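To start, the structure itself, in structure tokens.
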Amino acid sequence: MAKCLFLCLWLSCAVSRCSVDGETYVNEVYSKTPQKLAKYSWFGNVRLYHFTVPEDTVLLRWLLTAIRGSGFHCGDQDIAVHFRAGAPPVINPILMGFPNSTAVSLAFNLTLRVPSGQTINITQFNVTNPVPGDWFIAAHLPKNDGKIEQQGLPSCSYLFQTQLYIRRAADTSVLQNNIPFTQTVTAPLNQAQLKFFVPEFTSKFDVYILSCSVKGGLTSDCGLSVILGSASLASSSVMTVNCSGKEPCSASVSNPPWNSWVRVTVQLSQPNITAVFTITANYTVGCKPLSVPSDFNTSLPLGPSSLSVSSSNTSSNPGSSSPANVALANSSDGACVRNPTVMREEQDVLSVRFSVANNSVRVASDVPAMLALDLNSAADSGGALIVQLDVNVSSLIGAFDSVRACLTTSSPVLQLNTSQSCDAAFMKGYSLKVSSNETKALLRIPFPQAALWYLSLQTICKSSANCTNTSAVVSVSVSLSACIDDCGPYGECRLLRTYSYLYAACVCKAGWLGWSCSDGSAALSFSRQLSAALLLTLSNLLFIPPICVALYRGYHVEATVYFFTMFFSTFYHACDQPGVTVMCIMDYDTLQFCDFLGSVVAVWVTIVCMARMPEPVKYVFFMAGTLFIAMAMQLDRRGLWNLLGPVLFALIIMVTSWVCRGVKRHHCYPPKWKRWVFFLLPGMMSALIGVCVYVFAQTDSNYYYTHSIWHIMVATSVVFLLPPREKDVPPWGWPHKLCGYKICRNQKEELYAVT
């Protein structure tokens, strides 16, 4: 009831506008459909929720609801929830290894607990002054224990739902460049929200509190603090300056984000006072690149064929550069930064390649080279950003020591040296370095933030050396791929979707783990993979005795079904292996369907055969049951009732037939106790053991053994349960003699026309 009242309050606020101290706020509510949680073994087990936060949002309030569904004896359950702005969260709940040269910043997370005596947990999580744009929430259960749960059996299930409440300022004050602005701060809000637009090529952003006075207070100190930036739950996402006792007070930010609004929050620390302050802001453009010529064909990297036409006068030396790059290397033009033209080529879903002319850049020591990489779309944040640098040793000029590179989002780092960090304002940067000793550098970033990325490069000279005309040619390869290294030889890259958002993740096999299946700490050895393959395939040869018994007793249709089951089960498991011991004779999906279908149909025909019905009726049940089983397998192959349903129905048919026979004969059927003791009871025990192992004992680690036991038990039960042949049917089901074109049998003759 309280939850309903809370939601009603939200909905009423969503259509209302409230004014507090002259500022207008608008409330909005968003909700996502509940999803069933899964235990974590790879990122595909995560339930991902995507929200878009508008500009000028002052408060995010998530209502996280975890509900326990069906299940018996469910204890305390922890649910991990991860938050990240700009891209899906990078998580590592089972402490897997990441591939080399991978930059990882784990997302902020919290844990919800559903106690054993409760069925629901409702938690609120607030973020004040959040960064606008895409926000993602990922939720999952703890590590998968490897238990293979059969669909249809009761188990402890959990649903997770997210609802987002947004409080947005509709009339945020805008600071103009170098124009003072007077604002009043009063209780109970105790803060003023302003924003300032930072244009492109800005190198510095300054905010000044020129003056501040208190109205009707006993103190002259306003106790103001200035907060620059917006909260993203990452380190250094905001900058706070305490202005208490300082007048004027200033806050300075280097390398602020370009072409974006920067939030300026002036907060009043002292309660129950009203302060009037004057604030101003300005930005500084440190440097701008030279304007490109109007003929774009001379600078666009259209490919080797077009470049060869325009560079016929250049040297064939691999260390030389194109005419455009030679011009950029000349410092006499007065440029403070070089920005080679970058071409973005979309190749596929989550597959983008960035390239420059000749795939290389001449990097000088006097000014940096800046490459702009456009990933400013949520559609690009679900893959992995790959950056590779390779310096051409034969192209080194002057007192070359190394080439330093910084990869940042939203704004570049334009002053590169050995001691300076690559971090920009409110954002973490990534550093790369190549030299004559280490000519290659690699950086991989899973789930890159949706933003405009910048790669800055500059040549670093040797200490105490003349840096005049020092440069090097560096091959630059930047791409966005769905998965790192395509998940390697022991993984498969899968494209996932949550609503309309696409992302990718690796599912590993053969015990390999990690973001790209490169963690071999728990990998299966080749001998174990081979043993598993042999166990699962050769155990199907136990169907040869049932086939022979069925043929000997004249059950040719049943023998055909057993052979079908043996054949497709053998080759399905040969194709379903997790490692390198794999052999697929046809499409995997076809093999799986035939294996599942054959297994259930084999049980079906065996029980129907035990009913000892007339042949026309028996074959009608054979065909009708097979068709319905095929339909059920197409709907859900792994559903437990796809096996139990036909078994129970066939048992009803068998018991009904046996009761009818017993009533007619006034005797229990089957009549002989030896049939019960030496055949039916051992067969039923074997089948029961096989079903119990299949349903309750299978885990990921013992699957090779338990599933092989299932094959053996089912095949053994068929040998015991198949009824003896009819008295009028000879062994193997064939007559003893042929009379011309007539096949003579004991009780009837069947004429076969020969054409």
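With our numbering, the residue at position 698 of the sequence shown is 691, and numbering never jumps.
Every residue gets a Cβ at the ideal spot worked out from N, C-alpha and C, and that includes glycine.
As the structure is a computational prediction, the values presented were derived from the model and not from experiment.
Exercise. From the DSSP output, which residues share a beta bridge with Ala162?
Worked result: Tyr18
For this session: Quick one: using the 10 Å Cβ neighbour count with 16 as the cut-off for buried, is Cys215 buried or exposed?
Result: buried
Exercise. Per DSSP, what kind of secondary structure is Cys205 in: helix, strand or coil?
Worked result: strand
Problem set entry | Residues that Val406 bridges to, as DSSP identifies them | Paired residue(s): none; Val406 is not in a bridge.
Exercise. So what does Trp55 bridge to, in DSSP terms?
Worked result: Phe118, Leu157
For this session: Determine the DSSP secondary structure at Asn310, reduced to helix, strand or coil.
Result: Note that Asn310 has pLDDT 39, beneath the 50 cutoff, so the model's placement of it is unreliable and the number below is only indicative. Residue state for Asn310 is assigned as coil, using DSSP reduced to three classes.
Exercise. With respect to the alpha helix (DSSP H) encompassing Leu620, which residues constitute its N-terminal and C-terminal limits?
Worked result: 608 to 628
Exercise. What distance in whole Å lies between the Cβ atoms of Leu448 and Ala417, which are believed to be in contact at a cut-off of 8 Å?
Worked result: Not a contact, Cβ separation roughly 13 Å.
Exercise. If you draw a straight line from the C-alpha of Phe689 to the C-alpha of Ile220, how long is it?
Worked result: Going from the Cα of Phe689 to the Cα of Ile220 covers about 58 Å.
Problem set entry | Reduced DSSP category for Arg106 - H, G, I as helix; E, B as strand; rest coil | strand
Exercise. Is it true that the segment 243 to 251 meets the segment 199 to 209, where meeting means three or more beta-carbon pairs spaced less than 8 Å apart?
Worked result: yes
Exercise. With C-beta atoms as the reference, is Met89 less than 7 Å away from Leu517?
Worked result: no
For this session: Within its chain, find whatever has a CB closer than 6 Å to the CB of Arg490; leave out the 5 residues flanking it on each side and keep chain order.
Result: none
For this session: Specify, as a first and last residue, the run of the beta strand (DSSP E) that Asp71 falls within.
Result: 70 to 78 is the span of the beta strand (DSSP E), which, as asked, contains Asp71.
Exercise. Do you know how far the Cα of Gly655 is from the Cα of Arg718?
Worked result: 19 Å
Exercise. Nearest-angstrom Cα distance between Thr277 and Asn170?
Worked result: 10 Å
For this session: Could you spell out where the beta strand (DSSP E) holding Asp750 opens and where it closes?
Result: Since the first residue of the chain shown is -6 and the last is 748, residue 750 is not available in this structure.
For this session: With distances taken Cα to Cα, identify the nearest neighbour of Val345 among Asn352, Asp367, Pro333.
Result: Asp367
For this session: Closer than 7 Å by C-beta to Met626: which residues in its own chain qualify, once you throw out the five before and the five after it? Chain order, please.
Result: In the same chain as Met626, and ignoring 5 residues on each side of it, the C-beta atoms closer than 7 Å to its own belong to Phe586, Phe589, Leu590, Asn635, in chain order.
For this session: Quick one: residues in its chain with C-beta nearer than 7 Å to the C-beta of Asn235, no 5 flanking neighbours on either side, listed in chain order?
Result: The beta carbon of Asn235 lies closer than 7 Å to those of Ser218 in the same chain, with the five residues before and after it left out.
Exercise. What's the call for Gln186, buried or exposed, on a 16-neighbour Cβ count within 10 Å?
Worked result: buried
For this session: Quick one: using the 10 Å Cβ neighbour count with 16 as the cut-off for buried, is Trp508 buried or exposed?
Result: buried
Exercise. If you draw a straight line from the C-alpha of Gln263 to the C-alpha of His43, how long is it?
Worked result: 38 Å
For this session: Note down, in chain order, each residue of its chain lying with its Cβ closer than 6 Å to the Cβ of Phe101, except the 5 sequence neighbours on either side.
Result: Phe76, Leu226
For this session: Taking Lys188 as part of the beta strand (DSSP E), name the residues at either end of that continuous run.
Result: 184 to 191
Exercise. Quick one: Cα of Ala750 to Cα of Gln691, how far?
Worked result: Nothing about residue 750 can be read from this structure; the chain reaches only from -6 to 748.
Problem set entry | Residue range of the beta strand (DSSP E) that includes His353 | Sequence inspection shows Ser at residue 353; the His mentioned does not correspond to that position. Its beta strand (DSSP E) spans residues 353 to 357.
Problem set entry | Proximal residues to Gly484 (C-beta, below 6 Å), its chain only, five neighbours per side dropped | Cys499, Cys501, Cys510
For this session: Would you list the one or two residues that DSSP bridges to Ile130?
Result: In the DSSP output, where bridge partners are listed per residue, Ile130 has Tyr42, Phe76.
Problem set entry | Between the CA atoms of Ser388 and Glu193 - distance to the nearest angstrom | 33 Å
Exercise. Using DSSP with H/G/I as helix, E/B as strand and the rest coil, what is Ala434?
Worked result: strand
Exercise. Given 8 Å as the limit, is there contact between the segment 67 to 87 and the segment 102 to 117, that is, 3 or more CB pairs closer than that?
Worked result: yes
Exercise. Which same chain residues, not among the five before or five after Ala708, have their C-beta less than 6 Å away from its C-beta?
Worked result: Leu535, Phe536, Pro539
For this session: Could you spell out the range, first to last residue, of the beta strand (DSSP E) harbouring Val259?
Result: 253 to 261
Exercise. Do Phe189 and Val255 come within 7 Å of each other at the CB atom, strictly closer than that value?
Worked result: yes
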